[in-house]
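> First, the structure itself, so that you have it in front of you.
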């Protein structure tokens, strides 16, 4: 007994000595080396087992310290360094076993500290450490379990502990675990550690690339750090290189962008390319990814990473063939540029030009020494720019012509050189004359073509723009406007070329290639001029262009000519003060009669003109009485035979476009610029609705039908091929209701149309199988919730800057509806109530489910106190609604509560609305319902408690579930109400309903997924409640 006490006393003294060392290490990092030697000496003078026990005992208080402070981190680092020191392998094995016990503890702080120390030891342990495989297997297995821990900090250090084993081929299961956990991990810090732990391989690179788009800034930064340290530039594909740079350099976070710049400069530019930007551009395929090359060069130039060497200039590509006589032009032998070199020089010259202009402006805005410094910098930039650019305009023209003559393979280089023209000085008349001749040659340059196997000409390019591509036409236009900078001079020069090219077209002797060339030059002019005023009195008049070129071209036998002509007609109409009859008629005709490629181009033109001039002006241009099925509030538009229609239809523009949206184009629809005809029409109509306040007129009555169609398309299960349109509409719906009260009025009118069109078994909709019906109902309910959310979105400040009606509660409030009554929730509530009350007592299963879904939206709507007339009318109609839904017990209770709320805010609950007031409100909403004078507004009495005969109640509940949409998630958010007497079971049901109520309305493709997520959240919440002491967050 005495021996045991002596050993216990010695053990206590040893623990105290170690604890004193920890206390000294706790305060400062400076004493670590000295205290480490003292601890090693203490270990060598003590038995291994006793020392390990004392060491663990002295370290135990740290396991109950939750906060991550610098002092605690110093202790952990000290303990890990000591455990990894030589001569202590026996203690290391015992210490690791002690830590593994802590890693499996119930207390989260203990697990956290144990995993932290284990990870620190593994990261510091030398490669030649003698640790048995059995012990490593235990450590790996324990850390694998901790990767699934509920505490993020524990998961973080568990992943860090396993990171060293992920590179070992024998531990492939660890890598698989990382790849499995990364996509589903919710915590950003854990995802960051996983990304940093991934070794580079074909299996991990896609995951690392995806993390460059992670929502967490630290994860994105870690992904770029891994790409810089572990992934060589040569091992990446061109697409991956460009995606990495595009995402990183344009990232919204400055820290992430800096990490990408570090990757670009230190790893790719310096190590892989020896500091040569041209070599770096060759790794990026700038001909395909020009925008990325421009972004890279802009970043490098702004950061000052591009060092210009002596002798670097574009002039070295111009090799003189010998001396020339004075005043004669010197011929040069041209060395052709590579695409990367051309892009490099264009970006360098552009940067120097912009810097010179900026510094010159700064010099003009300042005074004294500061102004002199700015002026000197501007002069240096201009001098450097002059040494880089060709010595004269003639040499520049000669250089560009040489690359143009080299063929299509040098088209990219030629375009880069054309863009250099913006940095040249054309103020001298002789220089301007040389450049003007060059511009004339560019405009007269015929379209490139090839011959197919049958000897037919196949045009190279898009057939719309000069040179066959938009970028080439833009470069030519920029150079032409730079050379001919005087007002009207650009138009004069281009119109002279147009007049020359149009002669064979007007004489009908031109072939298809000549037509396309002429139309391309016309399009270049129309895109780069601002008014017809600059085109008057020139070689050819705008009216002559329209009647002799564009309109005949739209009826040409060649589809390519038709397409180019229709595009020019759209550009021509944008310059007109009011759309002309000829332009509009031809575009409508091409839209109806033309093949798919012509229809797409005509739809773009019609939508652009409709947005620019307004639908009313477009209809007035027809100079005839046009009919409108949409204005008559008919959901189905006038049938139009597309591709085989008449010359034109006497219907309004919106009807025509709506008919195109309704039309089943089948497999004949062509796609242009990744857009189908449905995408173009849907996006264009959305723009018209968004800008509807700028076009006040008769078409406002048709907007609710257009909106209903767009919402139906958005929620249509068969529109998977319209993903681009869905993305566009998601942005449209986000902004549309908050811009104007008229938009909310339109949305309120569209609500019932959308529900009738989406609900199966209603309004002639085909139902189908049980699964199909269930999915259709879910989708309709999602649409209803989405529209409710849009109705509840507040208006922008400009719209809401009105006196608050609720503040005038002390004043006498009349029963006349307010001006914004139709755009409020009151109008929507009355629409829904009238819809429910209009159904007969005997209803089908589909009608019961439909009305139940409507009522679940109805009880979520709120009434303003100022709308006394709407409140009284709603109270009368609500009694019919309650009677109609009597079989839905829980829903009926919600309707009773709504009736009580309405009665509470009714200032004169005993007074009834007059017939005139009722007709006024219903007339504003365009509703019709027959109300009897004897209709009561009193709240029906609360029903008696349900019988205790459980068998019949269960059978009734089962029947009700089978006849209603049990998959509709019937819970709803209901404001607090005055207490009413209820049975115990009814109170319990209401309480459970409130606990499970969803507080937000959102769109999801599958309600089942929402339910699963909600259950997971409830489980997590439950675990936090039952283990409150074990759920505090780490600091």
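Residue numbers (my numbering): 13 to 1047. Note that the Cβ used here is the ideal one computed from N, Cα and C, for glycine as well.
#1: Since residue 917 contacts residue 907 with CB under 8 Å, what's their CB separation in whole angstroms?
#2: For a minimum of 4 consecutive residues, which ranges assigned as the alpha helix (DSSP H) are wholly contained in the region 463–544?
#3: Tell me the DSSP secondary structure of residue 639 in three-state form.
#4: If we ignore side chains and look at the alpha-carbon of each, how far apart do residue 129 and residue 268 end up?
#5: Using the three-state DSSP reduction, which class does residue 856 fall into: helix, strand or coil?
#6: Hey, residue 1100 and residue 191: beta-carbon distance below 8 Å or not?
#7: Going by the beta-carbon positions, is the gap between residue 7 and residue 716 smaller than 8 Å?
#8: With distances taken between CB atoms, is the gap from residue 301 to residue 254 smaller than 8 Å?
#9: Does the beta-carbon distance from residue 849 to residue 883 come in below 8 Å?
#10: Let's see if you can read the secondary structure: which residues bound the alpha helix (DSSP H) around residue 690?
#11: Excluding five sequence neighbours on each side, which residues of the same chain lie with their C-beta closer than 7 Å to the C-beta of residue 1015?
#12: Since residue 461 sits in a beta bridge, which residues does DSSP pair it with?
#13: So, for residue 394: in the same chain, excluding its five sequence neighbours on each side, which residues have a beta-carbon less than 6 Å away from its beta-carbon?
#14: Once the 5 residues before and after residue 835 are set aside, which same chain residues still bring their CB inside 6 Å of it?
#15: Can you tell me the Cα-Cα spacing of residue 691 and residue 131, whole angstroms?
#16: Contact defined as beta carbons within less than 8 Å: I believe residue 561 pairs with residue 524. What is the distance between those atoms, to the nearest angstrom?
#17: Round the Cβ separation of residue 173 and residue 127 to the nearest angstrom and send it over; I've been treating them as touching at under 8 Å.
#18: Cα separation between residue 1101 and residue 927?
#19: DSSP puts residue 330 in a beta bridge; with which residues?
#20: Give a yes or no on contact between the region 313–328 and the region 375–393, applying the rule of three or more CB pairs nearer than 8 Å.
#21: Exposed or buried, what is residue 415 when buried is set at 16 or more other beta-carbons lying within 10 Å of its beta-carbon?
#22: With 16 other CB atoms within 10 Å as the buried threshold, where does residue 153 fall?
#23: Give me, in chain order, the residues of the same chain whose beta-carbon lies closer than 6 Å to that of residue 484; leave out the 5 immediate sequence neighbours on both sides.
#24: Look up residue 663 in the DSSP assignment and give the residues it is bridged to.
#25: Taking DSSP as the reference, what is the three-state secondary structure of residue 456?
#26: From 801, 763 and 736, pick the residue whose C-alpha is nearest to that of residue 840; which is it?
#27: Let's see if you can read the secondary structure: which residues bound the alpha helix (DSSP H) around residue 431?
#28: How would you label residue 263, buried or exposed, when you count the other beta carbons within 10 angstroms and need 16 or more for buried?
#29: Grab me the residues of residue 286's own chain with a C-beta within less than 8 Å of its C-beta, minus the 5 sequence neighbours each way, in chain order.
#30: With respect to the alpha helix (DSSP H) encompassing residue 786, which residues constitute its N-terminal and C-terminal limits?
#31: At 4 residues or longer, what runs of the alpha helix (DSSP H) sit wholly inside the region 211–289?
#32: Indicate the three-state DSSP secondary structure (helix, strand or coil) for residue 554 in the structure shown.
#33: So for residue 777, helix, strand or coil by DSSP?
#34: Can you have a look at residue 28 and say buried or exposed, based on whether 16 or more other CB atoms are within 10 angstroms of its CB?
#35: Please report the distance separating the alpha-carbon of residue 187 from that of residue 902.
#36: With a cut-off of 8 Å, does the C-beta of residue 117 fall near any C-beta of chain C?
Checking against the coordinates, here is how it stands:
#1: Actually they do not touch by this definition, with Cβ atoms about 16 Å apart.
#2: For the region 463–544, whole alpha helix (DSSP H) runs of length 4 or above, ordered along the chain, are 482–495, 501–518 and 524–540.
#3: strand
#4: 30 Å
#5: coil
#6: Given a span of 13 to 1047 for the chain in the structure shown, any question on residue 1100 remains unanswerable.
#7: Since the displayed the chain opens at 13 and closes at 1047, residue 7 lies outside it and no answer follows.
#8: yes
#9: no
#10: Unbroken alpha helix (DSSP H) run through residue 690: 689–702.
#11: Note that residue 1015 scores a pLDDT of 40, beneath 50, so its modelled location is shaky; the value from the coordinates is reported in the next line. The residues are 794 and 798.
#12: 471
#13: 368
#14: When the five nearest sequence neighbours on each side are left out, the beta carbons in the same chain lying within less than 6 Å of the beta carbon of residue 835 are those of 753, 756 and 757, in order along the chain.
#15: 53 Å
#16: That pair is no contact at about 14 Å.
#17: Indeed, because the Cβ distance is near 6 Å, the residues count as touching under 8 Å.
#18: Not covered by the structure: residue 1101. The range shown for the chain is 13 to 1047.
#19: Paired residue(s): 346.
#20: no
#21: buried
#22: exposed
#23: These residues qualify, in order along the chain: 427.
#24: 639
#25: Three-state result, residue 456: helix.
#26: 763
#27: 423–432
#28: buried
#29: If we look at residue 286 and ignore the five residues flanking it on each side, it has no Cβ neighbours.
#30: 782–803
#31: Those alpha helix (DSSP H) runs which fall completely within the region 211–289 and span 4+ residues are 217–223, 229–242, 250–261 and 266–274.
#32: helix
#33: coil
#34: exposed
#35: 52 Å
#36: Of the protein chains in this structure there is only one, and it is not chain C.
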